[in-house]
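Chemist:
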Amino acid sequence: MKVIIVKDYEEMSLKAFEVMSEVVKNKPDAVLGLATGSTPIGLYKNMIKDHKENGTSYKQIKTVNLDEYAGLDYSSDQSYVYFMRSNLFDHIDIDLANTNIENGKATDRQKECDRYNALLEVMQQDIQVLGIGSNGHIAFNEPGTPFGSVTHIVDLAESTIKDNSRMFASIDEVPRQAFTMGLKNIMNAKKVLILANGANKAKAVYGLVKGEVTENLPASVLQLHPDCVLVCDEAAASLIK
Ligand code: PGA
Numbered sequence: 003m004k005v006i007i008v009k010d011y012e013e014m015s016l017k018a019f020e021v022m023s024e025v026v027k028n029k030p031d032a033v034l035g036l037a038t039g040s041t042p043i044g045l046y047k048n049m050i051k052d053h054k055e056n057g058t059s060y061k062q063i064k065t066v067n068l069d070e071y072a073g074l075d076y077s078s079d080q081s082y083v084y085f086m087r088s089n090l091f092d093h094i095d096i097d098l099a100n101t102n103i104e105n106g107k108a109t110d111r112q113k114e115c116d117r118y119n120a121l122l123e124v125m126q127q128d129i130q131v132l133g134i135g136s137n138g139h140i141a142f143n144e145p146g147t148p149f150g151s152v153t154h155i156v157d158l159a160e161s162t163i164k165d166n167s168r169m170f171a172s173i174d175e176v177p178r179q180a181f182t183m184g185l186k187n188i189m190n191a192k193k194v195l196i197l198a199n200g201a202n203k204a205k206a207v208y209g210l211v212k213g214e215v216t217e218n219l220p221a222s223v224l225q226l227h228p229d230c231v232l233v234c235d236e237a238a239a240s241l242i243k
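Everything in the sequence shown is counted per my numbering, starting at 3 for the first residue and increasing by one.
1. Just tell me which of Ala171, Val215, Pro42 has its CA closest to the CA of Pro148.
2. Compare the C-alpha of Gly260 against each of Gly209, Met14, Glu24 and name the closest.
3. For ligand 1, is there any heavy atom lying closer than 7 Å to the beta carbon of Ile163?
4. Taking a cut-off of 5 Å, which residues have a beta-carbon closer than that to any heavy atom of ligand 1, in chain order?
5. For the candidate residues Lys47, Glu55, Val66, whose alpha-carbon lies nearest to that of Ile188?
6. Around the C-beta of Asn143, are 16 or more other C-beta atoms found within 10 angstroms, so that it is buried, or is it exposed?
7. Given Ala201, which residues of its chain have a CB within under 6 Å of its CB, disregarding the five upstream and five downstream residues?
8. Examine ligand 2 and report whether any of its heavy atoms sits within less than 7 Å of the Cβ of Val231.
9. Tell me which residues share the same chain as Tyr84 and place their Cβ nearer than 7 Å to its Cβ, disregarding the 5 neighbours each side in the sequence.
10. Starting from the Cα of Glu24, find the closest Cα among Asp52, Thr38, Val8 and give me that residue.
11. Identify whether Gln126 lies in helix, strand or coil by the three-state DSSP scheme.
12. Going by the DSSP bridge assignment, what does Lys2 pair with across the sheet?
13. Tell me where the beta strand (DSSP E) around His154 begins and ends.
14. Please classify Ala198: does DSSP put it in a helix, a strand, or coil?
15. According to the neighbour-count rule (16 or more other Cβ atoms, all chains shown, within 10 Å of its Cβ), is Asn166 buried or exposed?
16. For Gly150, I'd like the list of residues in its chain whose CB is within less than 8 Å of its CB, leaving aside the five on either flank, ordered along the chain.
17. Mapping DSSP to helix, strand and coil, what is Tyr71?
18. Are the region 167 to 184 and the region 216 to 236 touching by the rule of at least three beta carbon pairs closer than 8 Å?
19. Which same chain residues, not among the five before or five after Lys1, have their C-beta less than 8 Å away from its C-beta?
20. For the region 54 to 100, which segments carrying the beta strand (DSSP E) assignment without a break, of at least 3 residues, lie completely within its bounds, in sequence order?
21. From the DSSP output, read off the bridge partner residues of Val8.
22. Taking the alpha carbon of Gly44 as the point to measure from, which residue in Ser59, Asp31, Leu16, Ala37 has its own alpha carbon closest?
23. State the Cα-Cα distance for the pair Lys47 and Gly133, rounded to the nearest angstrom.
24. Which term fits Phe19, buried or exposed, when burial requires 16 or more other beta carbons within 10 angstroms of its beta carbon?
25. Measure the alpha-carbon distance for Gly213 versus Ser222 and round it to whole angstroms.
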């Protein structure tokens, strides 16, 4: 794993943009694996700025997102499909038909997981962006998720519900279940770009970089990935320095 430690969130977002930009420039029809959460917002802002100022085009780019809350769709501003449009897709020239995310409102949830797995089989990510949960989760793969997992429905961990409640009016409104790509789908990406900032991520970052490779800390599986780049700020890197 390549580890890049930077000063703060702003520098992390700039470095992440550099890594992303190289993929997009070298392959204008690349498949980008994208993530939600507060961590990648700065990266997306840099992509938008570059699109507007330098004309970088996303017309042929395709995307696959990691996860979506079960029960939510674009009509909810807490949904991840809404997040992706408002934080990125609405501000670049991407064709929405080329963007993919699990359908949170699917009534047959297993069928939706099967559909998404079949899609991922023909859409290998040229790059997969990831944040990391304070408990070491990646996407919604909570501790204990098998490394061989593919897209599935998860019961969110209490710590995740608590972490994510800041985005909702109250903790009771946080959905208790979600669709998520599995760890095998993530590991299948050609390149992984994982981002972390803030002291509350320091323990998880330690497990990611220096801990035992264990399903108890899902992100540790990335130690086995042939091309994984971690960009983190000093606060998140405090235990690995
Ligand atoms: P955050 O979430 O970017 O909002 O910190 C990261 C994650 O839970 O994967």
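We treat Cβ as the ideally placed atom computed from N, Cα and C, and that holds for glycine.
Modeler: Judging by the given coordinates:
1. Residue mapping note: residue 148 aligns to position 146 of the sequence shown, counting from 1. Here the closest residue by C-alpha is Val215.
2. The question about residue 260 has no answer here: the residues shown for the chain are numbered 3 through 243.
3. Translated into positions along the sequence shown, residue 163 becomes position 161. Result no, Cβ not under 7 Å from ligand 1.
4. Gly39, Ser40, Thr41, Gly133, Gly135
5. Taking the first residue of the sequence shown as 1, we reach residue 188 at position 186. Comparing Cα-Cα distances from Ile188 to each of Lys47, Glu55, Val66, the minimum goes to Val66.
6. As a position in the sequence shown, residue 143 is number 141, starting the count at 1. Classification for Asn143: buried.
7. Translated into the one-based positions of the sequence shown, residue 201 becomes position 199. Counting only Cβ-Cβ distances below 6 Å, and skipping sequence neighbours, we find Ala237.
8. With respect to ligand 2, the structure offers nothing, as its ligand set consists of ligand 1.
9. Translated into the one-based positions of the sequence shown, residue 84 becomes position 82. Cβ neighbours of Tyr84 beyond the five flanking positions: Tyr76, Ser78.
10. Locating residue 24 in the sequence shown gives position 22, counting from the first residue. Closest option to Glu24, Cα to Cα, is Asp52.
11. As a working mapping, residue 126 is identified with position 124 in the sequence shown. Coil, per DSSP.
12. An answer regarding residue 2 cannot be provided, because it is not within the stretch 3 to 243 covered by the chain.
13. Counting from one through the sequence shown, the residue named residue 154 turns up at place 152. Its beta strand (DSSP E) spans residues 154 to 157.
14. Start at 1 with the first residue of the sequence shown, and residue 198 comes out as number 196. Of the three classes helix, strand and coil, the one that applies to Ala198 here is strand, per DSSP.
15. Here residue 166 refers to the residue found at position 164 when the sequence shown is read from its first residue. Per the 10 Å Cβ criterion, buried.
16. Position 148 of the sequence shown, counting from 1, holds the residue named residue 150. Same-chain partners within the cutoff: Gly184, Leu185, Lys186.
17. Your numbering for residue 71 matches position 69 in the sequence shown. Three-state DSSP puts Tyr71 in a strand.
18. no
19. There is simply no residue 1 to check, as the chain begins at 3 and stops at 243 in what is shown.
20. 64 to 67, 69 to 71
21. Position 6 of the sequence shown holds residue 8. DSSP output for Val8 lists Asp235 as bridge partner(s).
22. Locating residue 44 in the sequence shown gives position 42, counting from the first residue. Here the closest residue by C-alpha is Leu16.
23. If you number the sequence shown from 1, residue 47 lands on position 45. If you number the sequence shown from 1, residue 133 lands on position 131. Lys47 and Gly133: Cα-Cα distance of roughly 16 Å.
24. Translated into the one-based positions of the sequence shown, residue 19 becomes position 17. Buried, by the Cβ-count rule.
25. Numbered from 1 along the sequence shown, position 211 holds the residue referred to as residue 213. Numbered from 1 along the sequence shown, position 220 holds the residue referred to as residue 222. Computed Cα separation, rounded: 7 Å.
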